[in-house]
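One structure is given below, encoded as structure tokens.
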Amino acid sequence: MLDRKSLHTQAIVDDFMAPVCDESVDILYQDQDILLINKPSGLLSLSGKNPLNWDSVHYRLVHGQAGVSPAFPQALLPHRLDLGTSGIMVVGLHAAAAQHLNKQFQARTIRKRYLAIVEGWLEQEQGQINLAIAKDKRLFPKVKICLSTGKAAISQYTVLKRLEHPRRSVVQFEPLTGRTHQLRIHSHAIGHPILGCDLYKSKDSQQLSTRLQLHASDLFFAHPSSGDEIHANSPSPF
Numbered sequence: 032m033l034d035r036k037s038l039h040t041q042a043i044v045d046d047f048m049a050p051v052c053d054e055s056v057d058i059l060y061q062d063q064d065i066l067l068i069n070k071p072s073g074l075l076s077l078s079g080k081n082p083l084n085w086d087s088v089h090y091r092l093v094h095g096q097a098g099v100s101p102a103f104p105q106a107l108l109p110h111r112l113d114l115g116t117s118g119i120m121v122v123g124l125h126a127a128a129a130q131h132l133n134k135q136f137q138a139r140t141i142r143k144r145y146l147a148i149v150e151g152w153l154e155q156e157q158g159q160i161n162l163a164i165a166k167d168k169r170l171f172p173k174v175k176i177c178l179s180t181g182k183a184a185i186s187q188y189t190v191l192k193r194l195e196h197p198r199r200s201v202v203q204f205e206p207l208t209g210r211t212h213q214l215r216i217h218s219h220a221i222g223h224p225i226l227g228c229d230l231y232k233s234k235d236s237q238q239l240s241t242r243l244q245l246h247a248s249d250l251f252f253a254h255p256s257s258g259d260e261i262h263a264n265s266p267s268p269f
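My numbering numbers the first residue of the sequence shown as 32 and each following residue consecutively.
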């Protein structure tokens, strides 16, 4: 029998199985320091702890994609996207480039924009969501809004289009912080969950799309060698 102490120290078992992803990782730009890639929805950024979840952006870059792209054995990911999120990612092709990019992410000098389709019509055309986020130990891998123990999380949004039948909004998000699941839980918290999201949803929002309607469309950063300002874009697939 497990005692109370054992129950509290038990590690969380991750038995999640990622679905098979048949879409390739597209190389949008390449030089000696970085890659800009387009990640498909349904592909992990990094291989999971479960050995069956070996397929990932990182695995495909390091080992190459037959008939699509060569191997980049030193590739590192200072930038990651959730499984269901598609879109632009920057990859470091060596340790120094990845470290430079990591510092930019940590300093929050890298700007990110996302496109999403959310349930319902937002009341305001523009706004800011400022709700602290904490891990939810009871419901792993979910996070929760917690103003007392959470870390600061801020998301700006602009409504680009309002759709009918059913009512939906096309929204551009710009997260000013980089918390886990930030845009997904912020959207849900204001009553407009992102369509297709399996973790933060209303009665109907998940069924309104076969994939998470969240796409990383734009990335603004300084090139790790030249210092030039880069604006990378990946058109939305929805």
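Glycine residues also receive a C-beta, built at the ideal position from the N, C-alpha and C atoms.
Problem - Contact check, Ser265 vs Tyr145, beta carbons under 8 Å - result: In the sequence shown, residue 265 corresponds to position 234, counting from 1. In the sequence shown, residue 145 corresponds to position 114, counting from 1. Their beta carbons are not under 8 Å apart, which means Ser265 does not touch Tyr145 by this criterion.
Exercise for the section: Determine which residues share a DSSP beta bridge with Leu67 and list them. Expected result: Taking the first residue of the sequence shown as position 1, residue 67 is located at position 36. Tyr60, Val121.
Handout entry: C-alpha gap between Phe47 and Asn84, whole angstroms
Key = Numbered from its first residue, the sequence shown carries residue 47 at position 16. Numbered from its first residue, the sequence shown carries residue 84 at position 53. So the alpha carbons of these two residues sit roughly 8 Å apart.
Handout entry: Exposed unless 16 or more other CB atoms sit within 10 angstroms - verdict on Val202
Key = In the sequence shown, the residue the question calls residue 202 occupies position 171. Looking at its Cβ environment, which holds 16 or more other Cβ atoms inside 10 Å, Val202 is buried.
Handout entry: Cβ-based neighbour list, Ser125, same chain, cut-off 6 Å, excluding 5 preceding and 5 following
Key = As a first step, residue 125 must be located in the sequence shown, where it is residue number 94. According to the sequence as given, residue 125 is His; it is not Ser. Within its own chain, the residues whose Cβ lies closer than 6 Å to the Cβ of His125, once the five positions on either side in sequence are excluded, are Gln105, listed in chain order.
Problem - Host beta strand (DSSP E) of Phe204 (start-end) - result: By one-based count along the sequence shown, residue 204 stands at place 173. It spans 199 to 206 - the beta strand (DSSP E) in which Phe204 sits, taken as one unbroken run.
Practice task
Could you check which residue in Ser257, Ala253, Asp259 has the C-alpha nearest to that of Ala138?
Solution key: Residue mapping note: residue 138 aligns to position 107 of the sequence shown, counting from 1. Nearest C-alpha to Ala138: Ala253.
Exercise for the section: Take every Cβ of the segment 145 to 154, pair it with every Cβ of the segment 162 to 170, and state whether three or more of those distances are shorter than 8 Å. Expected result: Flag = no, the segment 145 to 154 and the segment 162 to 170 do not touch.
Handout entry: Which listed residue (Leu74, Asn133, Gly123, Ile65) has its alpha carbon closest to that of Leu112
Key = Numbered from 1 along the sequence shown, position 81 holds the residue referred to as residue 112. For Leu112, the closest of Leu74, Asn133, Gly123, Ile65 by C-alpha to C-alpha distance is Leu74.
Problem - Other residues of its chain near Ser87: CB distance less than 7 Å, five sequence neighbours each side excluded - result: For the purposes of this step, residue 87 is identified with residue 56 of the sequence shown, where counting begins at 1. If we look at Ser87 and ignore the five residues flanking it on each side, its Cβ neighbours are Leu74, Leu75, Ser76, Leu77, Ser78.
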